[in-house]
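Read through the structure below, which is laid out as structure tokens, and then see the notes.
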Amino acid sequence: MSTYWQPESESMDRKELEQLQLERLESTLNRVYMNVPFYRKKFDEVKFNPDDLRSLDGLSRLPFTTKNDLRENYPYGLFAVPLREVVRIHASSGTTGMSTVVGYSKNDIKTWSNLVARVLAAGGITKDDVIQIAFNYGLFTGAFGLHYGAERLGASVIPISSGNTRRQIKLMQDFKTTALVSTPSYAMLIADTMMEMGINRNSLSLKYGLFGAEPWSDSMRKEIEDKLKIVATDNYGLSEVMGPGVAGECLERNGLHIAEDHFLVEWINPDTLEPVKPGEVGEMVITTLTKEAFPVIRYRTRDLTRLVPEPCPCGRTMRKMTRVYGRTDDMLIIRGVNVFPQQIENVLFEIEGVAPHYQIIIDRKGALDDTTVNVEVSESMFFDEMKKQSQLKETIKKRLASELGISVEVKLVEKKTLERFEGKAKRVIDNRKI
Amino acid sequence: MLKIRNLDAGYGGLTVLRRLSLHVKAGEIVTIIGANGAGKTTLLKTITGLLRAQAGEIVFNGEDIGRAPTERIVFSGCSLVPEGRQVFPAMPVKENLLLGAYVQFKRGNKSEVEHDLERVYNLFPVLKQREHQLAGTLSGGEQQMLAIGRALMARPKLIMLDEPSMGLAPLMVKEIFNIIVKLQEEGNTVLLVEQNARGALKIANRGYVLETGRIIVEGEAEALLANRDVQRAYLGRDINE
């Protein structure tokens, strides 16, 4: 069983937690109202006086903050402290559109490190581990967040950054790396490269993998765990809110514990903006409770998850969220049907003979959307066996149609013909011009 | 132990504290810091029932004391060491202390009072020396010790101190803060209201910063010491430092 990093917080009595959340929410609202003109204006617009908030539920009266608000206040407009009190600046990785800027005070960095240390400890890491951070070091919060958290925990950090996969593997062997931190798609690339290089997995000391920064599926986890012979956990965070450390899985591997003493999470229906019933899939909306330099109030993450209502056998009282099913802006509307790339990924993983690499291409032919899924087949599949090939194609088509509710074209491609990713994977090509 | 939710309080039609929430756990030293007029004393007066809460709840050991009379609040184990000590100058030290034991007499624990007195004398040997001296002849620091001792005589579960360092010489301030740490070591729970923010944050576990009746920052004492807002406003940090 994994250990707690901050046991008193992580297994806090729920009643105590609620009091703490209320206190922190109230002081956060007082501060943003005082220090951030943007929030003051927004609160005034809906005639909300922070003094009127009397319970956590009262938060629902407040307006949402969106990515667009962050962009419009580029770069420093939403900072709640003067720049001279900011010790670090990051920018979102800009997965979609222009990047947004966030800042951290000294205390913020300390809190952040502790929250990441919680996630690492929950994922099995101790100070005895040698941890290879294969996230891109830079403006993106992933690498530095994990880096500081791992140091805080006392682990030995290898700040290798992403890329140069063969060198990654060599260092894993030479430095006896025990834990890998990367995106799940990069972990997959490392596993494949290892096989190509003919490296025996048993020559490595790898035990744990902590993966995040992009949505992935349980089938992909299984694949990574089998190939690298590790225990793989998921962790979640976003720059606008803090970075990694917002939530992370324990070794139960059945949902991510949210650091509820620092973040208040709501789930809403992205269309109606009304709260969903507890346990239903919705867009996560996060309010920071302790951030000094860059607090956010009701930030729409665009990440779709679900609350896990059941308590966790690990003893942590912090509630769990499911892995991210997708992003509201990843959601593809194909012929009027909502489709998430992860749904397609899940289907592909369950079919034998298919490699976990795929690409979704959407075109518009006349008035209709035309979707093609390019799928790599594994070596065991011989291209000269036409019959087998068309059978496989039909199977994939059928399963996708029943999962998605629309029919898509499937194209089998040879191994290693699709692009590989060292950071976040880009698997959708949308050629529609609407 | 103490849990306050959304407290509004003040004088007559004037609301000083606005929507204030805080908590103190058993065994903690929690400090409330803030400038003059921030509402620190109003808060303590409201907890002890000297002022009636305008809204919100105050729960002490599971019991709602928001509307309770002061004597019941003291009975339930909540003692105040008031600002400016408020000892009875024309009474001897010992009698001042025995006055603090009033609730112990009422509780029928008369036999324990002698033992409690010894405990206070152990903590403050100087009070033993001056047992028969009139309280008015004590120094400021000694009077502060007497006020704390008097509060301890009620066998409180929570001790609240209002500006205990005020008007004391620097060495004596240090001494008083040492005593508060000692109180914690002996298992007491302390709510400390101070203008001497640095001193208070150095001995406290957690703290709340009060500004014009509202809490604007809360957190671990260590984090508050590092918070630049707190440093500038309450720790006298030079703006150009």
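Line by line, the protein sequences give chains A and B.
Following this note's numbering, the numbering of the first sequence begins with 981 at its first residue and continues without gaps.
Following this note's numbering, the numbering of the second sequence begins with 4 at its first residue and continues without gaps.
All residues carry an ideal CB built from backbone N, CA and C; glycine is no exception.
As the structure is a prediction and not an experimental result, all values here were calculated from the model.
Check: Cβ of K1027 of chain A within 8 Å of any chain B Cβ; Outcome: no
Check: Beta-carbon proximity list for E244 of chain B, same chain, < 6 Å, skipping 5 on both sides; Outcome: Low confidence applies here, because E244 of chain B scores a pLDDT of 43, under 50, leaving its location unreliable; read the following figure in that light. Closer than 6 Å at Cβ, skipping near neighbours: no residue.
Check: Same chain only: Cβ atoms within 6 Å of P1275 of chain A, ignoring 5 sequence neighbours per side; Outcome: T1008, V1012, A1060 and T1268
Check: Proximal chain B residues relative to M1014 of chain A, where beta-carbon distance stays under 8 Å; Outcome: I219
Check: C-beta neighbour in chain A for N125 of chain B, strict 8 Å; Outcome: no
Check: Start-to-end residues for the beta strand (DSSP E) that takes in E1290 of chain A; Outcome: Unbroken run through E1290 of chain A: none, as it is neither H nor E.
Check: Beta-carbon spacing of A1227 of chain A, M1301 of chain A below 8 Å; Outcome: yes
Check: Nearest residue (CA-CA) to K1047 of chain A, options A:K1257, A:Y1279 and A:V1390; Outcome: A:Y1279
Check: Alpha-carbon to alpha-carbon, D1088 of chain A and S1183 of chain A; Outcome: 40 Å
Check: Counterpart residues of T18 of chain B in DSSP-defined beta bridges; Outcome: B:G13
Check: Buried or exposed (CB count within 10 angstroms, at least 16 for buried), L1063 of chain A; Outcome: exposed
Check: Chain A within 8 Å of G42 of chain B, Cβ atoms only; Outcome: no
Check: Where the alpha helix (DSSP H) through H1127 of chain A begins and ends; Outcome: T1121 to L1133
Check: CA nearest to the CA of K1368 of chain A, picked from A:V1334, A:G1346 and A:F1401; Outcome: A:V1334
Check: Rounded C-alpha distance that separates A207 of chain B from G1134 of chain A; Outcome: 27 Å
Check: N-terminal and C-terminal residue of the beta strand (DSSP E) that E60 of chain B is part of; Outcome: A58 to F63
Check: Chain A within 8 Å of D241 of chain B, Cβ atoms only; Outcome: Interpretation of D241 of chain B is limited by its pLDDT of 49, a score under 50 that renders its predicted location unreliable; the figure taken from the coordinates is listed afterwards. No, no contact with chain A.
Check: Residues of its chain near A1381 of chain A, where Cβ-Cβ distance is below 7 Å and the 5 sequence neighbours each way are ignored; Outcome: S1387
Check: Range of the contiguous beta strand (DSSP E) that encloses M992 of chain A; Outcome: M992 of chain A -> no beta strand (DSSP E), and no H or E assigned at all.
Check: DSSP-derived helix/strand/coil call for M1298 of chain A; Outcome: coil
Check: Segment contact flag, the stretch 1142–1155 of chain A with the stretch 1182–1202 of chain A, C-beta cutoff 8 Å, min 3 pairs; Outcome: yes
Check: Proximal chain A residues relative to G103 of chain B, where beta-carbon distance stays under 7 Å; Outcome: Within chain A, no residue comes near G103 of chain B; the closest Cβ sits about 31 Å away, beyond 7 Å.
Check: Candidates B:V77, B:I219, B:F127 and B:V176: closest to K97 of chain B by CA position; Outcome: B:F127
Check: Counted within 10 angstroms of its Cβ, other Cβ atoms place H1237 of chain A as buried (16 or more) or exposed; Outcome: buried
Check: Cβ-Cβ distance between G1223 of chain A and G1057 of chain A below 8 Å; Outcome: no
Check: Length at least 3, wholly inside the stretch 25–105 of chain B: the beta strand (DSSP E) runs in chain order; Outcome: 32–36, 58–63 and 81–84
Check: Contacting positions in the stretch 1031–1052 of chain A - beta carbon closer than 9 Å to chain B; Outcome: D1031, D1032, L1033, R1034 and S1035
Check: Any chain B beta carbon closer than 8 Å to Q1323 of chain A; Outcome: no
Check: Neighbour flag for K1086 of chain A against chain B, beta carbons, 8 Å; Outcome: yes
Check: Bridge partner(s) assigned by DSSP for V1317 of chain A; Outcome: A:I1314
Check: The stretch 1127–1141 of chain A: positions lying closer than 8 Å to chain B by Cβ; Outcome: none
Check: Rounded separation between D241 of chain B and C81 of chain B - CA only; Outcome: Because D241 of chain B sits at a pLDDT of 49, beneath the cut-off of 50, its placement in the model cannot be relied upon, and the point is left open.
Check: 7 Å CB neighbourhood of N230 of chain B in its chain, flanking five on each side removed; Outcome: V220
Check: The stretch 985–1010 of chain A: positions lying closer than 8 Å to chain B by Cβ; Outcome: E996, Q999, L1000, L1002, E1003, R1004, E1006, S1007 and N1010
Check: Short Cβ contact (8 Å threshold) for L1208 of chain A with A1167 of chain A; Outcome: yes
Check: One or two residues paired with D1350 of chain A in a DSSP bridge; Outcome: A:D1343
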